[in-house]
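To keep things clear, I will list the structure first and then write my remarks on it.
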Amino acid sequence: MSSNLPNCAHCQAPLARAGARFCPSCGREQPTRVQSAGAAPPTVGLGPTLQVQEEGQMQIVALGPKPVSLGRAADNDLVLSSRFVSGHHARIEPTGQGHRIVDVGSTNGMLFAGQRIGNHELADGDAIRIGDPATGSFVTLTYRNPMVARTPQAGQVSHRYELDPNDPQITIGRVGCDITLDNPQVSRFHAQIDRTPAGLLLRDAGSSNGTFVNGQRLTSTHPLKPGDVIQIGAFKFVYSPGVLAEYDQRGAMRIDAHAISRTVRKGSQSLTILQEVSMGIAPREFVALVGGSGTGKSTLMKALCGYAPANGGRVLVNGDDFYRNFASYRDLLGYVPQDDILHQTLPVDRALRYAARLRLPADTASSELGDRVNRVLDDVEMGAHRTKMIESLSGGQRKRVSIGAELLADPSLFFLDEPTSGLDPGLEKKMMYTLRQLADSGRTVVLVTHATANITVCDHVVFMAAGRMVYFGPPTEALGFFNVTSGDFADIYTRLEGPGEANNPIVQRELQAEYAEWQQANPQAQGPPTLAELWERKYRKSPQYRRYVAERLAETPPGPVVRGNDTSASVRKDSPIRQFILLTRRYLDLTLQDRRNLMILLFQAPLIALLLLLVARSDALTGAQAADLIQRGEAKKVLFMLATVSVWFGIINSAREIVKEEAIYQRERLVNLRIVPYIGSKVTVLSLLILVQTLLMLGVVALRIDFFADTGLLFSPFVETFITLMLTSFAGMALGLVISAFSASGDRAISIVPLALIPQILFAGLIFNIEGFATPLSWLTISRWAMDALGTSFDLNSLCNMPNLDNRGSVPPGCTPAFLSSEDSFTYTAGHLLSRWTALIAFSVACLGLTGWGLKKRDRVL
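Mind the numbering: the sequence shown is residues 1 to 862 in the UniProt record's numbering, read in order.
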């Protein structure tokens, strides 16, 4: 068959003849081909053409030596039906071997690379869009002309810097440097090249995101050698004597996956949840990962973005091993999980500012930070909602704000997990419109979704089934490949799941050859294959696999490639003190913003104190009526209540504070969040809260119960009681953070709280005798040490030794056995009191260490 014959627009199989109306392979009708004024007869593969995609339909326009007008009016050479297209919208004019498109005064204009244009010199593959933001609809005009091919930006030297031999220092940074890199990921003064008698030495200047040479992060000076590849943010430089050649990778990030797989342990068995998936995603492409629940979509996306790496195969970014060079690409990565990644109790503007301070270099000025926030709000069309609380926004608006948070660092790779989940059809369409614009503006966008109503806006779609990739290619060709004639992509789902038995109608109609191949390859198989396996076999023999997978993966990656060996998952360099201050400010802001919960927590203290006053006598702790009071153990009961309530305050305050922001923590940890400042911010704000709670409780209790009768060991009994209760609440708070760090959800954390509180009652020494095996268990409870400290401050042992307490000479019931144990509890010495305070502090430190360990276990593992 002649190589000049056109291919089917749906399945890409060769047509029987030029101008054929139907495809002999898939049987689908071919798009209308419109001949413009002065154009030669259209021939696929020869001459420039314009692919017009409108409302899911495609037509191909041959471009000749005469201008072509387009618009909604009937007198245009190319008539478009969409209402948002102006009557006379644009004109395509020939310019030598190529063409130029010119806006002729339209209302909605034209977009190229996400920006509105008035005119544009077209290159092969350029996509011009006419959009309607109100409805999320647009018309796409794709120019095809191999005579004006555009060189991939990543493989093109964007600038050559001649290194002045008389300059002793060459600075590299965002502002005011010899080599200026205008990008938010670059520090103001990022790196420096020093000229020495021994040659040129490169050093990092304390940048936030680091400087990488040949895939390794610089930790000291590096003598430059010819061929060294230097990476700073989205920029690569190749050093040759006297010259730095710059390769700007912004808008030119390509992803290649070579037979990636992921196997996990389930009990004693290994389960492969991703089966050798291969694909190539070109720069600025918008790719949707589609399939039913549990088919491996999210697993594939997390493997592609490095969030949960594949344990088989390789992922390359512009030819670099992504996993081995993850540290150098970390800041080029945008990832939006299913859950929102911003705190909902903050206004939009303030939440983004906190995110910007965390993600952008520390030397970013306030004005730059404000400009960046304004820019991303405009990009996601949320500027009008900047002062609204995030929790008051609709689901689609919240997702846009999360996307805005990722755009702050201007990522070149953008991954989104179910961003349209739960949205109505209109909001889903607008969300897809926004993502299409993000891809056009220079980002490689990968999206996981169940919805298929709007996937035609994507460049490519991946259908997953049972962990296998059964299709990768343009959405318009997917229907033909699966022989779906309804035009509904959702009908593809029904063809992918289930066993591929010989009598299955789908096998009989579509997959007979693949079933026969499978039988030959698996003669001893006990059961039938899955439909997913058969479809995978069919796809790997298809023209789509050859064109969109095999040929792409065979291409040489553009630009310099580094092998890299930096498998470290360490966060970027950032001051822990700065992070601590910022995280503390944010957490305090969040606490104050959630006024209802704050009032509930603060109101508990005086309420419980008032209830205690109803049952306690004013001289419960002074011993004024010792004989009567000790028989009822009232002093010890009052102290027991103070101790257990303090433990309660600490645990309840903190038990949900980590797990409730799991998605936020995971995303910020992947960027640059340090564990110690994060825990420190929680401890600081929660300590302020328990300080107020303790003061309120003691203040109300002191209105009736006398704390001031005797002199204390180190301070007054009131002050010693305050210190003890603060340390008790602090230990409870630390225990609550452990619960939160190891819980899978907020509900799970709350259900564990009683298990932590009950031992505080059992082993405090009031209700039961602490003896035998219970003694070492009591050492692990907060209330035991709190009771000892409180009893020491009030010298409870002296109450039991007062004369004439019992006419029969026996020890009053309130004094035994816990009052006078063999361990000499409540020994009235300063050393004894300090030892109990030390035990509470040690318990707190141990729990905070466990919290850090629990958080570390959540980290991404390479």
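Beta carbons are placed, not taken as given, at the ideal position from N, Cα and C, and that holds for glycine. Predicted model only: the values in this text are computed from it and were never measured.
The beta carbon of isoleucine 172 sits closer than 6 angstroms to those of Ile179, His190, Ala191, all from its chain and outside the five residues before and after it, given in chain order. Remark: C-beta atoms of glutamine 760 and valine 647 approach each other more closely than 7 angstroms. Of the candidates Leu50, Ile193, Asn209, Leu50 places its Cα closest to the Cα of leucine 122. With respect to the 7 angstroms criterion, isoleucine 101 and valine 68 are not classified as neighbours on the basis of their beta carbons. Going by C-alpha positions, isoleucine 750 is about 34 angstroms away from histidine 385. Taken atom to atom, the span from the alpha-carbon of tyrosine 247 to that of glycine 227 is near 14 angstroms. Scanning Thr387, Gly210, Leu416 for the CA closest to the CA of threonine 299 turns up Leu416. Taking the C-beta atoms as reference points, serine 740 is found nearer than 7 angstroms to valine 659. Counting every other CB atom within 10 Å of its CB across the protein chains shown gives isoleucine 600 a total below 16, marking it as exposed. Here histidine 385 carries a helix assignment [DSSP, helix/strand/coil].
Rounded to the nearest whole angstrom, the C-alpha separation of leucine 358 and arginine 667 is 11 angstroms.
At a Cβ-Cβ threshold of 7 angstroms, methionine 279 and phenylalanine 472 count as neighbours. Under the three-pair Cβ rule at 8 angstroms, the stretch 398–407 counts as touching the stretch 329–344. A direct Cα-to-Cα measurement between methionine 641 and leucine 612 gives close to 8 angstroms. By the criterion of at least three beta-carbon pairs nearer than 8 angstroms, the stretch 435–443 is not in contact with the stretch 518–525. DSSP places lysine 266 in the strand class (E or B) of the three-state scheme. Contact check for asparagine 145 against proline 48 passes: the beta carbons are separated by less than 7 angstroms. Per DSSP, the continuous alpha helix (DSSP H) segment holding glutamate 662 begins and ends at 662–671. Assigned with DSSP and collapsed to three states, phenylalanine 189 falls in coil, not helix or strand. Excluding residues up to 5 positions away in sequence, Asp440, Ser441, Gly442 lie with their Cβ nearer than 7 angstroms to the Cβ of alanine 113 in the same chain. For glutamate 285, the CB contacts under 7 angstroms within the same chain, skipping 5 residues up- and downstream, are Ala439, Thr444, Asp459, His460 in chain order. In the assembly as shown, asparagine 183 is a buried residue. Its beta-carbon has 16 or more other beta-carbons within 10 Å. It is roughly 28 angstroms from the alpha-carbon of lysine 857 to the alpha-carbon of alanine 259. For lysine 236, the secondary structure class from DSSP, reduced to helix, strand or coil, is strand. For isoleucine 130, the enclosing beta strand (DSSP E) stretches over residues 127–132. Nearest neighbour of arginine 262 by Cα position, chosen from Leu590, Trp779, Gln275, turns out to be Gln275. Collapsing the DSSP output to three states places alanine 198 in coil. Within the same chain, Gly527, Pro528, Pro529, Thr530, Leu531 come within 8 angstroms of proline 499 by CB-CB distance, once the 5 residues on both sides are set aside.
For isoleucine 170, the uninterrupted beta strand (DSSP E) run begins and ends at 169–173, by DSSP. Excluding sequence positions up to five before and after asparagine 454, its CB lies within less than 6 angstroms of the CB of Lys429, Met432, all in the same chain and listed in chain order. Remark: C-beta atoms of glycine 395 and leucine 360 do not approach each other more closely than 7 angstroms.
A check of alpha carbon separations from tyrosine 828 across Ser793, Val157, Ser844, Gly849 identifies Ser793 as the nearest.
With 16 or more other CB atoms across the displayed protein chains lying within 10 angstroms of its CB, asparagine 653 is buried. The stretch 197–208 and the stretch 372–381 do not touch, with fewer than three beta-carbon pairs separated by less than 8 angstroms.
Isoleucine 758 counts as exposed, since fewer than 16 other beta carbons sit within 10 angstroms of its beta carbon.
Under the DSSP definition of a beta bridge, isoleucine 92 partners with Val68, Ile101.
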